[in-house]
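Novice: Residue numbers (the numbering used here): 14 to 340. Don't be surprised by glycine CBs; every beta carbon is placed ideally from N, CA and C.
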Ligand code: F6P
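1) Pull up the distance between the alpha-carbon of residue 341 and that of residue 200, whole angstroms please.
2) Work out the CA separation of residue 77 and residue 50 for me, nearest whole Å.
3) Please report how far the alpha carbon of residue 153 lies from the alpha carbon of residue 327, in whole angstroms.
4) Quick one: Cα of residue 208 to Cα of residue 310, how far?
5) Quick test of your reading: residue 87 and residue 125, contact by CB under 8 Å. State the CB separation rounded to the nearest angstrom.
6) Check whether the segment 254 to 272 and the segment 151 to 170 are in contact - that is, three or more C-beta pairs closer than 8 Å.
7) Below 8 Å, is the gap between the Cβ of residue 144 and the nearest heavy atom of ligand 1?
8) Tell me where the beta strand (DSSP E) around residue 205 begins and ends.
9) For a quick check, are the C-beta atoms of residue 160 and residue 275 less than 9 Å apart?
10) Taking residue 30 as the reference, which of 47, 82, 108 and 18 has the closest Cα?
11) Using the beta-carbon count (16 or more within 10 Å), is residue 279 buried or exposed?
12) Which same chain residues, not among the five before or five after residue 60, have their C-beta less than 6 Å away from its C-beta?
13) Between 245, 74, 26 and 48, which has its C-alpha nearest residue 39's C-alpha?
14) Looking at the secondary structure, which residues open and close the beta strand (DSSP E) in which residue 97 lies?
15) By Cβ distance below 7 Å, which residues in the same chain neighbour residue 85 in space, the five residues on each side in sequence not counted?
16) Indicate, with yes or no, if ligand 2 has a heavy atom lying under 8 Å from the CB of residue 186.
17) What are the start and end residues of the beta strand (DSSP E) that includes residue 266?
18) Going by C-alpha to C-alpha distance, which of 67, 21, 169 and 211 sits closest to residue 265?
19) When DSSP labels each residue in this structure, what does residue 154 get in the three-state scheme?
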């Protein structure tokens, strides 16, 4: 890609929002201003870009947001951006406004859109991984994961109180449409008796044996963490089958979007801030189709294409640990 002087950039947040996105926006805006670069905030992700919905930001536009969940720029899923005609339109809008580069904070789908925009129009883009699911190839961390896991842990701890008091089994469903990263981490951190992954058939025999074994040695309650999978609410069906086929009654709690909100935890504030800063610095370093990632526990800049796939690698190797520790 031809080198160019970066004098003006735009930033957008795309896909599901995640706590810590505001920290990244704040860092981008203030780093850019520190380098004398103009910054535009695009509303509602790629949808706002296509609709030319953006505004110039200054240091105070991002004041008092480091502690706030969600994204001040709003976010959306934008299937329209899969259409090259809309990407052409988006590029024209960026050109007309003299914007030299775009920073996209989002997941693998958002990065695919960013790569297409960049490749088709020779336009610099930088990706910052932002999704609570921690499910992007090429990075060990995505902004929002820590907060979502902490929120789920707090909820499970509370449910444990009532589960133990009333001697019940609970199925607690956590987010992760195509990955089980949240479920696995929450399962280990809450001492769950079982973690049901979203890509594995449920082994009812194994679950009921484990629950009965626990009961025999005095356990009066069990927590099963369920990764939601494609269809949120699958825990209800699992609960019915446990009851009908194995005579184990259970209560269901689907945590849902509570996991997407809340004040960002320390990792999300830290990585949001660092990734935002490095994204701007990468552009100044003539890196034009890259992403800021965590690799081998270090912050790095890699080709954006490395991060454009959904991947369950982060918690690989941790399957079965919660079960082993909860005998
Ligand atoms: O942000 C990721 C994620 O939370 C998934 O785990 C979840 O299934 C999905 O987004 C749901 O998001 P929405 O309600 O925005 O479609």
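Specialist: This is what the structure holds:
1) Residue numbering for the chain in the displayed model covers 14 to 340; residue 341 lies beyond these limits and cannot be assessed.
2) Straight-line measurement puts the Cα of residue 77 at about 21 Å from the Cα of residue 50.
3) Using only the alpha carbons, I get a separation of about 6 Å.
4) Distance between the alpha carbons of residue 208 and residue 310 is about 26 Å.
5) With 8 Å as the limit, residue 87 and residue 125 do not qualify as a contact, their Cβ atoms being about 21 Å apart.
6) With a cut-off of 8 Å, the segment 151 to 170 and the segment 254 to 272 count as touching, because enough Cβ pairs lie within range.
7) Correct: residue 144 has its Cβ closer than 8 Å to ligand 1.
8) From DSSP, residue 205 is part of no beta strand (DSSP E); its letter is neither H nor E.
9) The answer is yes: Cβ separation under 9 Å.
10) It is 82.
11) Classification of residue 279: exposed, given that the 10 Å Cβ count is below 16.
12) Within the same chain, Cβ atoms closer than 6 Å to the Cβ of residue 60 are found at 89 and 91, the five residues on either side in sequence being excluded.
13) For the set 245, 74, 26 and 48, the Cα lying nearest the Cα of residue 39 is the one of 74.
14) Per DSSP, residue 97 belongs to no beta strand (DSSP E); it is in the alpha helix (DSSP H), 97 to 109.
15) Leaving aside the five residues that flank residue 85 on each side, the residues in its chain whose CB is nearer than 7 Å to its CB run, in chain order, 35, 38 and 78.
16) In the structure on display, ligand 2 does not appear, and the ligands it does have are ligand 1.
17) Counted as a single uninterrupted DSSP element, the beta strand (DSSP E) harbouring residue 266 occupies residues 263 to 267.
18) Of the candidates 67, 21, 169 and 211, the one whose C-alpha sits nearest the C-alpha of residue 265 is 169.
19) In this structure, residue 154 counts as coil in the three-state DSSP scheme.
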